[in-house]
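Here the sequence shown is numbered in my numbering, starting from 792 and rising by one per residue.
Positions of the beta carbon are idealized from the N, C-alpha and C atoms, including for glycine.
Values in this document were obtained by computation on a predicted structure and should not be read as measured data.
All remarks here apply to the structure that follows.
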Amino acid sequence: MQVSISIDNAATVVPFAGDGPVRGEGFRTIEVLEGSSVTVDAGVIAGIGSKDGGADCVIDATGCTVVPGFVDPHTHLPFFGWRADEDAARLSGLRYETLHKESGGIFRSQRLLAEASDTEVLAFASDMAASMLRKGTTTFETKSGYGLSIDGELRQLRLARDLAVAVPQTVVTTCLAAHACPPDKSEGEWIGEIAETLLPQVASEGLAHAVDIYVESIAFQLEHAARLKTTTDELGLRMRMHADQLEDSQAASFAARWGLQSADHLNHTSLAAVGDIAAGDTAAVLLPGATFTLRQNKKPPARNLIEEGAIVALGTDLNPGTSPIHSMPFAIALACRLYGLRPLEALAAATVNAAYTIGLDVVVGRIVEGRRADLVLLDVPDFESMPYRPDHDAVVAVVCDGELVHVAPGAEERVTR
Ligand code: NIG
Ligand code: FE
């Protein structure tokens, strides 16, 4: 049952009033309200500034910061099981690419998913979603890409749909059938099957809002992306790209010039490509969890992207191979520490710009009157302090779709019902 909530006397509130993604000058002028309150009624933001003395639930936010619920625009849920032994092998010197070629990596997760029952997969993914909620993620993207056959991909997309129903968060789904090539097919054959057989069905069942492709020497090439672009245009689906993660294949530049929804990873993206991204409306999605996990020295040109006016977003890339990380606060800390984002830039990237990336910018990502009430209360006096203690769980309370869904242990005395 939806109740009215009054979050009172916050030290700071970062609302992101206005429209559209934050970019260019917008990153330099993020408004921070001091000594403010936020009220929620019937599932939506009722007001910002004054308290609601008659609210069913009052939260004392003294000394805390209120921000929009985090939007994770790039996860690989629903997957099943972890691959810790591969990480251990990497820590002793093996490369991700080598493990992938030796039927580990993505193919291993394909087998784990195929061997698990629907119930097992949903239980695993729902537990992950619950942990994400406790870290403040109120919206996230899910993907296929561990099915790697027509039936396997459809199954994973339907599991994503079931997950969306089972969890309180807002969920959108992407089809990443072009994640790895099934060993019995050529890349061209698999891309042809995706375009001709899988995507028409995905579109007619409404199983995904977008299509993604892993452009990399161990996966697919730009010509394959171009083939999928033709199909997604015909079917009215958006398209995204895993771009320049392990080498510079000019993927991000093409993604931008084709006007794709997003180009993700960008570790090896060149400064020339930054200009292409900044000139268009393709979101540049930074995934520092993967950089951290793979111990990549090569970082994306994040400061250039911000300063040249790109729409920079931030996600976890939650997956069992390259980023077993589900916490947006941790991704924010990594983005600041490893990529040089300023805390408020990282916050915009993790909320309003992440919502833009998945086509939900008019639905989630901001604290604006009348909008779906997704809020996170953090025990920091200002957001600048967030990256300082990366392993401190700063999340005090989470409101998702107008409901108080989480109160951290020890913070119960802040809440009066
Ligand atoms: O985003 N880059 C490709 N896909 C994932 C890794 C998937 C896996 O190893 O299972 C990523 O990093
Ligand atoms: Fe990914």
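Considering only residues of the same chain and omitting the five flanking positions on each side of residue 899, which have a CB-CB separation below 7 Å? Translated into positions along the sequence shown, residue 899 becomes position 108. Around residue 899, the same chain offers 874 as residues with beta carbons nearer than 7 Å, after the five sequence neighbours per side are excluded.
Let me check you understand the geometry: is the CB of residue 897 closer than 8 Å to at least one non-hydrogen atom of the ligand NIG? Working through the sequence shown from its first residue, we reach residue 897 at position 106. When distances are taken from the beta-carbon of residue 897 to the heavy atoms of the ligand NIG, the shortest one is below 8 Å.
Distance, Cα to Cα, residue 876 vs residue 884? Position 85 of the sequence shown, counting from 1, holds the residue named residue 876. Position 93 of the sequence shown, counting from 1, holds the residue named residue 884. Between residue 876 and residue 884, the alpha-carbon positions lie close to 13 Å from each other.
For residue 979, three-class secondary structure by DSSP: As a working note, residue 979 is residue 188 in the sequence shown. The three-state reading of DSSP puts residue 979 in helix, counting H, G and I together.
Do three or more CB pairs link the stretch 1113-1120 to the stretch 824-836 at distances below 8 Å? In short, these stretches do not touch, since the Cβ pair count stays below three.
How would you label residue 1112, buried or exposed, when you count the other beta carbons within 10 angstroms and need 16 or more for buried? Taking the first residue of the sequence shown as position 1, residue 1112 is located at position 321. It is buried - the Cβ of residue 1112 has at least 16 other Cβ atoms within 10 Å.
Kindly examine the ligand FE and report whether one of its heavy atoms sits closer than 8 Å to the Cβ of residue 1108. Start at 1 with the first residue of the sequence shown, and residue 1108 comes out as number 317. Remark: the shortest separation between the CB of residue 1108 and any heavy atom of the ligand FE falls under 8 Å.
Would you say the beta carbon of residue 1010 comes nearer than 8 Å to a heavy atom of the ligand SAM? Among the ligands modelled here, namely the ligand NIG and the ligand FE, the ligand SAM does not occur.
Cα-Cα separation, residue 1155 to residue 1139: Translated into positions along the sequence shown, residue 1155 becomes position 364. Translated into positions along the sequence shown, residue 1139 becomes position 348. Taking C-alpha positions only, residue 1155 is separated from residue 1139 by approximately 12 Å.
Could you tell me which whole beta strand (DSSP E) segments of length 3 or greater appear in the stretch 1085-1138? Taking 3 residues as the minimum length, the beta strand (DSSP E) runs contained wholly in the stretch 1085-1138 are 1102-1105, in order along the chain.
So the alpha helix (DSSP H) residue 817 belongs to, where does it begin and stop? To locate residue 817, count along the sequence shown from 1; it is residue 26. Per DSSP, the unbroken alpha helix (DSSP H) holding residue 817 starts and ends at 816-819.
I want to check one thing, is the minimum distance from the CB of residue 1040 to the heavy atoms of the ligand FE below 8 Å? Along the sequence shown, one-based indexing puts residue 1040 at 249. Checking the Cβ of residue 1040 against the ligand FE gives no.
What residues match up with residue 825 in a beta bridge as DSSP calls it? For the purposes of this step, residue 825 is taken as the residue at position 34 of the sequence shown. When beta bridges are read from the DSSP output, residue 825 appears opposite 803.
Between the CA atoms of residue 1001 and residue 965 - distance to the nearest angstrom: Position 174 of the sequence shown, counted from the first residue, corresponds to residue 965. Position 210 of the sequence shown, counted from the first residue, corresponds to residue 1001. So the alpha carbons of these two residues sit roughly 5 Å apart.
Report back the beta-carbon spacing between residue 1160 and residue 821 to the nearest angstrom; my notes put them in contact at under 8 Å. Your numbering for residue 1160 matches position 369 in the sequence shown. Your numbering for residue 821 matches position 30 in the sequence shown. Going by Cβ atoms, the distance from residue 1160 to residue 821 rounds to 19 Å, so no, they are not a contact pair.
Beta-carbon proximity list for residue 1092, same chain, < 7 Å, skipping 5 on both sides: Residue numbering aside, residue 1092 sits at position 301 when the sequence shown is read from its first letter. Sequence-distant partners of residue 1092 (beyond 5 residues in either direction) whose C-beta falls short of 7 Å from its own C-beta, in its chain, are 1060, 1062, 1065.
With a threshold of 8 Å, establish whether the CB of residue 1114 neighbours any heavy atom of the ligand FE. Translated into the one-based positions of the sequence shown, residue 1114 becomes position 323. Relative to the non-hydrogen atoms of the ligand FE, the Cβ of residue 1114 comes within a distance shorter than 8 Å of at least one.
Using a threshold of 8 Å, is the CB atom of residue 891 nearer than that to any non-hydrogen atom of the ligand NIG? The residue given as residue 891 occupies position 100 in the sequence shown. Checking every heavy atom of the ligand NIG against the Cβ of residue 891, one is found closer than 8 Å.
Quick one: is residue 960 buried, meaning 16 or more other Cβ sit within 10 Å of its Cβ, or exposed? Start at 1 with the first residue of the sequence shown, and residue 960 comes out as number 169. With 16 or more Cβ atoms within 10 Å of its Cβ, residue 960 is classed as buried.
Looking at the C-beta of residue 828, does it have a partner C-beta in chain D at a distance below 9 Å? The chain labelled as chain D is not found in the depicted structure, where only one protein chain is given.
Relative to the C-alpha of residue 968, which candidate in 1203, 846, 919, 986 has its C-alpha closest? Counted from its first residue, the sequence shown places residue 968 at position 177. Closest by alpha carbon: 986.
Which value, in whole angstroms, describes the spacing of the CA atoms of residue 798 and residue 1153? Within the sequence shown, residue 798 is the residue found at index 7, counting from 1. Within the sequence shown, residue 1153 is the residue found at index 362, counting from 1. In this structure, the CA atom of residue 798 is about 23 Å from the CA atom of residue 1153.
Please confirm whether any heavy atom of the ligand FE lies closer than 8 Å to the CB of residue 1081. Along the sequence shown, one-based indexing puts residue 1081 at 290. In this structure, the C-beta of residue 1081 approaches the ligand FE to less than 8 Å from one of its heavy atoms.
In angstroms, rounded to a whole number, what distance separates the CA positions of residue 1158 and residue 824? Looking up residue 1158 in the sequence shown gives position 367. Looking up residue 824 in the sequence shown gives position 33. Looking at the two C-alpha atoms, the distance is approximately 12 Å.
To which residues does DSSP link residue 1188 through a beta bridge? By 1-based counting over the sequence shown, the position of residue 1188 is 397. Its beta-bridge partners are 1168, 1198.
Identify every residue that forms a DSSP beta bridge with residue 988. The residue you call residue 988 lines up with position 197 of the sequence shown. None; residue 988 has no bridge partner.
Contiguous beta strand (DSSP E) assignments of at least 3 residues, all confined to the stretch 836-881: The stretch 836-881 contains these whole beta strand (DSSP E) runs: 848-851, 856-859, 861-863.
In chain order, which beta strand (DSSP E) runs of at least 3 residues are fully inside the stretch 1009-1038? 1029-1034, all fully within the stretch 1009-1038.
Spatial neighbours of residue 891 within its chain, please: CB distance less than 7 Å, with the 5 preceding and 5 following residues excluded, ordered by chain position. Mapped onto the sequence shown, residue 891 falls at position 100. The beta carbon of residue 891 sits closer than 7 Å to the beta carbons of 897, 1009 from its chain, once the five residues preceding and following it are set aside; these are given in chain order.
Let me check you understand the geometry: is the CB of residue 1078 closer than 8 Å to at least one non-hydrogen atom of the ligand FE? Stepping through the sequence shown from its first residue, residue 1078 is reached at position 287. Proximity of the beta carbon of residue 1078 to the ligand FE is indicated: a heavy atom of the ligand is located closer than 8 Å.
Starting from residue 1004, follow the beta strand (DSSP E) in both directions and report where the run begins and ends. The residue given as residue 1004 occupies position 213 in the sequence shown. For residue 1004, the uninterrupted beta strand (DSSP E) run begins and ends at 1001-1005, by DSSP.
Can you tell which of 806, 978, 904, 926 has its C-alpha closest to the C-alpha of residue 948? For this step, residue 948 is matched to residue 157 along the sequence shown. Closest by C-alpha distance to residue 948, out of 806, 978, 904, 926, is 904.
Across which residues does DSSP place residue 928 in a beta bridge pair? Translated into the one-based positions of the sequence shown, residue 928 becomes position 137. Under DSSP, residue 928 takes part in a beta bridge, and its partners are 861.
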